[in-house]
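**Q** Quick one: this structure, given as structure tokens, is what I'll be asking you about.
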Amino acid sequence: MAIRVLIVEDESLIRWSLRQKFEEREYQVAEAETGEMALQAIDANTFDLIMLDYKLPDMTGLDVLRHLRQADQETVAIMMTAYSNIDDAVEAIKLGAFDYIAKPFQMDELLLTVDKALETTKLRREVRELRRVLQHDYGFDRIIGQDPSMKQLFELINSVARSNTSTVFLRGETGTGKDLVAGVIHYNSDRAHKPFMNITCTAISETLLESELFGHEKGAFTDARTQKKGLLELADGGTVFLDEVGDMPPVLQAKLLHFLENRRFRRVGGTQEITVDVRVIAATNRDIEKAIEEGRFRQDLLYRLNVVPIFLPPLRERGDDVVLIAQHFINQYAREFKKPISRIEETAFDKLRRYNWPGNVRELRNVIERAVLLCRGQTLSGNDIVVGGAPQSREQDDLAGLNLPPGGLDFHQLENKLLRQALAQAGGNQTRAAKLLNLSRDTFRYRLEKHGLL
Ligand SMILES: Nc1ncnc2c1ncn2[C@@H]1O[C@H](COP(=O)(O)OP(=O)(O)O)[C@@H](O)[C@H]1O
Ligand SMILES: [Mg+2]
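Position 398 (the sequence shown) corresponds to 404 in this note's numbering; numbering is contiguous.
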């Protein structure tokens, strides 16, 4: 779409020369000679850019600017003013004008300012759009449930998201929605516009995990060729989701505890303490109390994490939510697989109600995905629902066939491959690719950058 510009200027020669330049660039140009005409134009149209003369016959550019702000448009304004009125230009910037240019101006200089302004609006729009998409993905309504236990949970999540509680501890069996809830908390907090980083403490070595979390200085260990910021630093102002915290090696547990208590840490090999403002959401599906008994988890860390504990109930204890969620997934997959399913047999629901769902919502999702795929015609029958014998989770299912080669493999290389595979599969869309790997978009981008893929 063409860029829409409004030129507010009483001197016709300036209007004319600006119009020439803008039309050369194929902008769509409107003009206003007076403040009153400008206000009318603003009310009647949306503009990307307003070139605003300070001294108009009937009012000042500041008055127009005020009106523009009230109209709440994403228009960027550039004030054109004589040198003697620089103070007014400063006032204009305070009112939200992007920049000012002193008259008489060089056309080149003016066009440069215009480019800068338009680039900023474009970025601002992209960020807003991205945030809208993410917030939509992580709205409260993404968590389906009407059981009293879930209603209580919503209230708790809501108040935690809005509070500035620095630590949250999510507990619940696998597949109960811990990832989902962590995202909902972040994207419904006032940290939403800052990064949401996630990392799983299982499956990577202690050294790697430590440097991922806390970063490292150049030369801290053999591979540390450059200084590297860790997730805590990168997420400053935002949220770090530490999944499977129960699997964290003891040395790191101590370091995490130190961070949670002081909000400060050192990079690996560093001497300086770094202070950041990060909310840590930790999660585990393990019996942490047992891990403490067995000496695998620090009691003091549990106390520290447990400031705000959130328990996600297993699906089998959520009453008829299983039907509600199943219905949701049926609609979703019917759409995705283009199946015209319009009726569901009661026997299908009975089967879902009777089963005990050890893999919780994740398992339910997989069972429904399969049922919808299998379903012929418009009615989903009890026979389409295969529970128990079905693999517990897609994740486990996919990994079941994976054997490491006898000589081991290069984790870094594998990660590189996974990142590229995900990008390819998502057609280059980073948000979707991140989803395929169950990473937040920020974490995904962080990893891309590390592999020089950004
Ligand atoms: N209450 C819910 N309503 C809708 N979808 C859910 C709900 N809980 C979990 N899910 C979905 O189930 C899957 C597993 O959830 P996840 O958050 O990954 O579980 P966990 O991290 O506890 O193992 C995800 O696809 C998630 O979006
Ligand atoms: Mg999870």
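Idealized CB from N, CA, C, for every residue including glycine.
How far does the beta strand (DSSP E) with K456 in it reach, from first residue to last?
**A** The sequence position of residue 456 within the sequence shown is 450, counting from 1. Per DSSP, K456 belongs to no beta strand (DSSP E); it is in the alpha helix (DSSP H), 447-456.
**Q** Would you list the residues whose beta-carbon is nearer than 6 angstroms to any heavy atom of ligand 2, in the order they occur in the chain?
**A** My final list is K184, D185, D249.
**Q** Which runs of the alpha helix (DSSP H) at least 4 residues long sit entirely within the stretch 77-165? Give them in chain order.
**A** Runs of the alpha helix (DSSP H) inside the stretch 77-165: 92-100, 113-143.
**Q** Would you kindly work out how many angstroms separate the C-alpha atoms of Y106 and D196, rounded to a whole number?
**A** Within the sequence shown, the letter at position 100 stands for residue 106. Within the sequence shown, the letter at position 190 stands for residue 196. One C-alpha to the other measures close to 32 angstroms.
**Q** Along the chain, where does the alpha helix (DSSP H) that runs through Q431 open and close?
**A** The residue given as residue 431 occupies position 425 in the sequence shown. Counting along the chain, the alpha helix (DSSP H) containing Q431 begins and ends at 417-431.
**Q** Which residues in the same chain as N164 place their Cβ atom closer than 8 angstroms to its Cβ, once the five residues preceding and following it in sequence are excluded?
**A** Position 158 of the sequence shown, counted from the start, is the residue given in the question as residue 164. If we look at N164 and ignore the five residues flanking it on each side, its Cβ neighbours are F146, N194.
**Q** According to DSSP, D249 sits in a beta bridge with which residue or residues?
**A** Reading the sequence shown from its first residue, position 243 is the one you call residue 249. According to DSSP, D249 bridges with T206.
**Q** Between R341 and ligand 1, is there a pair consisting of the residue's CB and a ligand heavy atom that are separated by less than 7 angstroms?
**A** In the sequence shown, residue 341 corresponds to position 335, counting from 1. R341: no, Cβ never under 7 angstroms from ligand 1.
**Q** I'd like to confirm the pairing. Which residues does DSSP put opposite D59 in its beta bridges?
**A** Locating residue 59 in the sequence shown gives position 53, where the first residue counts as 1. Its beta-bridge partners are M86.
**Q** Could you name the residues of the same chain whose beta carbon sits closer than 8 angstroms to that of A226, not counting the 5 residues immediately before and after it, in chain order?
**A** As a working note, residue 226 is residue 220 in the sequence shown. Excluding residues within five positions, the ones whose Cβ falls inside 8 angstroms are S217, R273, V274, G275, G276.
**Q** Answer with buried or exposed for T228, where buried requires no fewer than 16 other C-beta atoms within 10 angstroms of its C-beta.
**A** Your numbering for residue 228 matches position 222 in the sequence shown. Flag for T228 reads exposed.
**Q** If you draw a straight line from the alpha carbon of V257 to that of A430, how long is it in whole angstroms?
**A** Numbered from 1 along the sequence shown, position 251 holds the residue referred to as residue 257. Numbered from 1 along the sequence shown, position 424 holds the residue referred to as residue 430. Spanning the two alpha carbons is a distance of roughly 38 angstroms.
**Q** Can you name the start and end residues of the alpha helix (DSSP H) that I391 belongs to?
**A** Numbered from its first residue, the sequence shown carries residue 391 at position 385. First-last for I391: undefined, no H or E at that position.
**Q** Should T474 be counted as a contact of ligand 1 given a C-beta to heavy atom distance under 7 angstroms?
**A** Because the chain in this structure spans residues 7 to 460, residue 474 falls outside the shown range and cannot be described.
**Q** Using the C-alpha atoms, what's the distance from Q384 back to S348?
**A** For this step, residue 348 is matched to residue 342 along the sequence shown. For this step, residue 384 is matched to residue 378 along the sequence shown. Answer to the nearest angstrom: the Cα atoms are 5 angstroms apart.
**Q** Go ahead and pull the three-state DSSP assignment for R310.
**A** Stepping through the sequence shown from its first residue, residue 310 is reached at position 304. Of the three classes helix, strand and coil, the one that applies to R310 here is helix, per DSSP.
**Q** Looking only at its own chain, which residues have a Cβ that is under 6 angstroms from the Cβ of A44, when we skip the five neighbours before and after it?
**A** Residue numbering aside, residue 44 sits at position 38 when the sequence shown is read from its first letter. Closer than 6 angstroms at the Cβ level, and outside the excluded window around A44, lie V14, A38, V70.
**Q** Based on DSSP bridge pairs, tell me the residues matched to L12.
**A** Here residue 12 refers to the residue found at position 6 of the sequence shown. Answer is A36, I56, bridged to L12.
**Q** Nearest to A188 by alpha carbon, out of T127, F317, D49, N91?
**A** Counting from one through the sequence shown, the residue named residue 188 turns up at place 182. Among T127, F317, D49, N91, the Cα nearest to that of A188 belongs to F317.
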